[in-house]
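Quick note, the sequences are listed as chains X and V, same order.
With the UniProt record's numbering, letter number 93 in the first sequence gets 93, and the count goes up by one each step, no holes.
With the UniProt record's numbering, letter number 8 in the second sequence gets 8, and the count goes up by one each step, no holes.
All C-beta atoms in this analysis are idealised placements derived from N, C-alpha and C, irrespective of residue type, glycine included.
Input: a single structure, listed below in structure tokens.
There are 2 protein chains.
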Amino acid sequence: MPKYNIPVEAALEVIGGKWKVVILCHLIENKRRTSELKRLMPGITQKMLTQQLRELESDGVIKRIVYNQVPPKVEYELTEYGWTLKGALDMLCAWGEQHIEKTYPNKEEVLLDS
Amino acid sequence: MPKYNIPVEAALEVIGGKWKVVILCHLIENKRRTSELKRLMPGITQKMLTQQLRELESDGVIKRIVYNQVPPKVEYELTEYGWTLKGALDMLCAWGEQHIEKTYPNKEEVLLDS
DNA sequence: TGCTATAGGCACCTGGAAGTAACAATTGTA
DNA sequence: TACAATTGTTACTTCCAGGTGCCTATAGCA
């Protein structure tokens with residue numbers, strides 16, 4: 001049984017860490033295959049991706065869909081509960097965008113894909 | 001010069017880590033003295049508190065107000081720029097609250113202060 | 001026969017985030 | 001004289017999130 005001093009800690013327990021917010025932002029745009037996520041997040045390793053996806057799944061915010069075919073195909077998408085995070089995630093993304101613009105006026109220099 | 005694959009990473013660079021979101025949530029409610037923050041966050045150490053406050057300050061989201069008196073008095077409050085985070089932080093806090101209610105129906109068991 | 005693509009498991013290791021503990025500085029006060 | 005209160009610094013240490021590398025299974029194809 002966890003103990004929180006302030007409710008927001010419960011949110012951080014679910015979406016905290018280096019990768020989960022990024023994963024969820026990608027899943028807001030679209031459901032994604034494992035290999036897609038890896039491509040979208042060049043810095044993540046297979047192990048971390050799997051691990052973070054497992055944790056998000058066991059927290060009930062994403063769902064894993066396995067297609068029985070070879071080579072394997074697995075898709076991840078937000079659950080209904082996961083969609084309740086959309087508001088917070090969207091605002092975080094928007095803030096990140098304008099923070100880049102404010103901090104680096106020519107943002108091409110810091111945005112890798114785009 | 002940092003490199004981001006997705007804009008939200010810029011937000012995580014500012015409010016990521018174990019403590020910053022919690023600190024900011026407390027500063028949304030009120031400006032706070034150092035000792036108040038320590039009391040509100042029983043788990044944090046003096047060193048981590050100072051360190052996180054310094055980083056938030058150099059990112060321009062909080063401001064440090066020193067009163068020339070002994071013993072020292074220092075207050076921290078959000079800057080105008082820091083207030084642009086309010087939307088995202090509020091939604092995160094709200095999500096945390098309802099996540100606790102959903103996960104632990106009698107939330108008294110997991111909420112320490114309140 | 002060997003290579004590809006896909007998703008993932010597992011053992012081990014490391015870097016840096018976070019924690020610990022001691023110290024400084026100043027003034028009032030018991 | 002010694003301690004309290006407040007904020008902060010510094011050196012040292014610990015620990016685990018995250019990284020590395022190697023392994024599995026399966027079917028198709030050159």
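Sequence-distant Cβ neighbours of residue 67/X in its own chain, meaning closer than 6 Å and more than five residues away, are 73.
Spatial neighbours of residue 14/X in its own chain (CB-CB distance under 7 Å, excluding positions within 5 residues in sequence) are listed in chain order as 59, 61. Comparing alpha-carbon positions, the option among 6/V, 30/V, 17/V, 8/V lying closest to residue 75/V turns out to be 30/V.
For chain X, the residues of the region 41-57 of chain V that bring a beta carbon within less than 8 Å of one of its beta carbons are 41, 42, 43, in chain order. Around the CB of residue 82/V, 16 or more other CB atoms lie within 10 Å, so the residue is classed as buried. Of the candidates 103/V, 20/V, 95/V, 20/V places its Cα closest to the Cα of residue 54/V. Against chain X, the CB of residue 27/V has no partner CB under 8 Å away; the residue lies outside that interface. Rounded to whole angstroms, residue 87/V and residue 69/X show a C-alpha spacing of 44 Å. What residue 14/X touches in chain V, judged by beta-carbon distance under 8 Å, is 99, going in chain order. The C-beta of residue 5/X comes closer than 8 Å to at least one C-beta of chain V.
The C-alpha of residue 51/X lies about 36 Å from the C-alpha of residue 105/X.
Cβ-Cβ distances below 6 Å link residue 57/X to 64 in the same chain, with the five nearest sequence neighbours on each side left out; the list follows chain order. Cα atoms of residue 34/V and residue 4/V: separation of roughly 33 Å, rounded to the nearest angstrom. Interface flag for residue 37/X against chain V is unset, since no Cβ pair is found closer than 8 Å. Scanning 49/X, 112/X, 98/X for the CA closest to the CA of residue 24/X turns up 49/X. Counting along the chain, the unbroken beta strand (DSSP E) around residue 66/V starts and ends at 62-67. Every unbroken stretch of the beta strand (DSSP E) spanning 3 or more residues and falling wholly within the UniProt domain "HTH hxlR-type" (6-104) of chain X is given here in chain order: 62-67, 73-78. About 20 Å separates the CB atoms of residue 12/X and residue 26/X; that is not less than 8 Å, and the two are not in contact.
Distance between residue 103/V and residue 94/X, taken at the CA atoms: about 29 Å. Proximity of chain V to residue 9/X at the Cβ level (cut-off 8 Å) is accounted for by 22, 96, in chain order. Closest option to residue 84/X, judged by alpha-carbon separation, among 109/V, 99/V, 18/V: 99/V.
Interface annotation, residue 111/V: in contact with chain X, CB-CB separation under 8 Å. Against chain V, a Cβ distance below 7 Å from residue 82/X picks out nothing, because the smallest value is about 11 Å.
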